[in-house]
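The sequence shown begins at 1 in full-length UniProt numbering and counts up one residue at a time.
Virtual Cβ for every residue (Gly too), placed ideally from N, Cα, C.
Just so we're clear, the structure is a prediction, and the values are computed from it rather than from any experiment.
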Amino acid sequence: MKNRLTVLIVDDEPRTRQGLAKTLEGWAEGRFDIFSAENGDEALELAAERPIHLLLTDIRMPEMNGLELIRAIKERGSDPVAVLLSGYSEFDYAQEGIRLGVVNYLLKPVTRAKLLEAVEQALQIIEERRRRGAIEKIVDLELAGIKEEDRLVPQPVQDAIRFIEDNVRAPLTLREVAEHVHLNPSYFSSLFKEKTGMTFSQFVARSKLQAAKKLLYSTGLPVGEIAEQVGYQTAKYFITLFKEYEGMTPSQYRRSLSEDADT
Numbered sequence: 001m002k003n004r005l006t007v008l009i010v011d012d013e014p015r016t017r018q019g020l021a022k023t024l025e026g027w028a029e030g031r032f033d034i035f036s037a038e039n040g041d042e043a044l045e046l047a048a049e050r051p052i053h054l055l056l057t058d059i060r061m062p063e064m065n066g067l068e069l070i071r072a073i074k075e076r077g078s079d080p081v082a083v084l085l086s087g088y089s090e091f092d093y094a095q096e097g098i099r100l101g102v103v104n105y106l107l108k109p110v111t112r113a114k115l116l117e118a119v120e121q122a123l124q125i126i127e128e129r130r131r132r133g134a135i136e137k138i139v140d141l142e143l144a145g146i147k148e149e150d151r152l153v154p155q156p157v158q159d160a161i162r163f164i165e166d167n168v169r170a171p172l173t174l175r176e177v178a179e180h181v182h183l184n185p186s187y188f189s190s191l192f193k194e195k196t197g198m199t200f201s202q203f204v205a206r207s208k209l210q211a212a213k214k215l216l217y218s219t220g221l222p223v224g225e226i227a228e229q230v231g232y233q234t235a236k237y238f239i240t241l242f243k244e245y246e247g248m249t250p251s252q253y254r255r256s257l258s259e260d261a262d263t
């Protein structure tokens, strides 16, 4: 299933491993895919087959300890949120775990309450990572850079930018925006390009496409409807423009966001 999280429990003690899995399976009620492994090698085989989102691993295991397992998984391109388990209070291990990005450290025997508290905290971190990843793909850095330098931009250009953002769903024209900021269209066009580094049409297109990307991420609206919502009368033109700026069609972009959420 798309966007399902994978939880991997790694512990060489069968009773502990099975107990943790049973607790999480009962709590999760089928929301997550939960796997178990008795050692690092078995865990790496599972990690090669699917992305691991949450890793709960014992520190002390034969041949490959928990910290070595985390490093090995990271070296293979995955970055699971990790929780360490240990039967001892091992400060040095905990310190190294912090350096590896471990988010929690649980002493055995782990109570149900402590386990679920740690897992829920880890799930919040996973969700925040996904949200940040999506935002990074949606935000147009050049548009954001112009807004950050707002104080260096003349007031008429600032007003024009805000007018464009407020009316991103309308089929804006240069003359309309120039009139709104009380400037001659020719002068406004030159001033806008000089102060933003983009032509008026480029800025409008990128603003509309950023709005479209937000809709592609946050809704299931058809591409044609999204095109209308950002001010384009035909889906064909919108798709052509989107591909020109983003290097992929809107549908491909939406799939890429979904695929990112699965990794």
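Inter-residue Cα distance where the pair is residue 99 and residue 245: Taking the straight line from one Cα to the other gives about 39 Å.
Do you know offhand how far residue 231's Cα is from residue 38's? Each residue's CA atom was taken as its position, placing residue 231 and residue 38 some 56 Å apart.
Return the CA-CA distance between residue 14 and residue 21, expressed in angstroms with no decimal places. Computed Cα separation, rounded: 10 Å.
Let me see if you follow: with CB-CB separation under 9 Å, is residue 84 close to chain D or not? The chain inventory of the structure shown lacks chain D, comprising one protein chain alone.
Are the CB atoms of residue 33 and residue 10 within a distance shorter than 9 Å? Against a cut-off of 9 Å, the Cβ pair of residue 33 and residue 10 comes out as no contact.
Distance CB(residue 161)-CB(residue 199) smaller than 9 Å: In this structure, residue 199 does not lie closer than 9 Å to residue 161 by Cβ.
Please give the ranges of any alpha helix (DSSP H) in the UniProt domain "Response regulatory" (6–123), keeping only runs that are unbroken, at least 4 residues long and fully inside the region. Fully enclosed alpha helix (DSSP H) runs of 4 or longer: 14–28, 40–49, 66–75, 91–99.
Label residue 17 either buried or exposed according to how many other C-beta atoms from any shown protein chain fall within 10 Å of its C-beta, with 16 as the threshold for buried. Taking every protein chain shown into account, the CB of residue 17 has 16 or more other CB atoms within 10 angstroms, so this residue is buried.
Residue 224 by DSSP, collapsed to three states: which one? The answer is helix: DSSP assigns residue 224 an H, G or I state.
Who are the Cβ neighbours of residue 118 in its own chain at under 7 Å, not counting the five residues just before and after it? Around residue 118: 83, 104, 106.
Compute the Euclidean distance between the alpha carbons of residue 228 and residue 150, then round it to the nearest angstrom. Taking the straight line from one Cα to the other gives about 29 Å.
Please report how far the alpha carbon of residue 238 lies from the alpha carbon of residue 153, in whole angstroms. Rounded to the nearest angstrom, the gap between the Cα atoms of residue 238 and residue 153 is 29 Å.
Classify residue 61: buried if its beta carbon has 16 or more other beta carbons within 10 angstroms, exposed otherwise. With 16 or more other Cβ atoms within 10 Å, it is buried.
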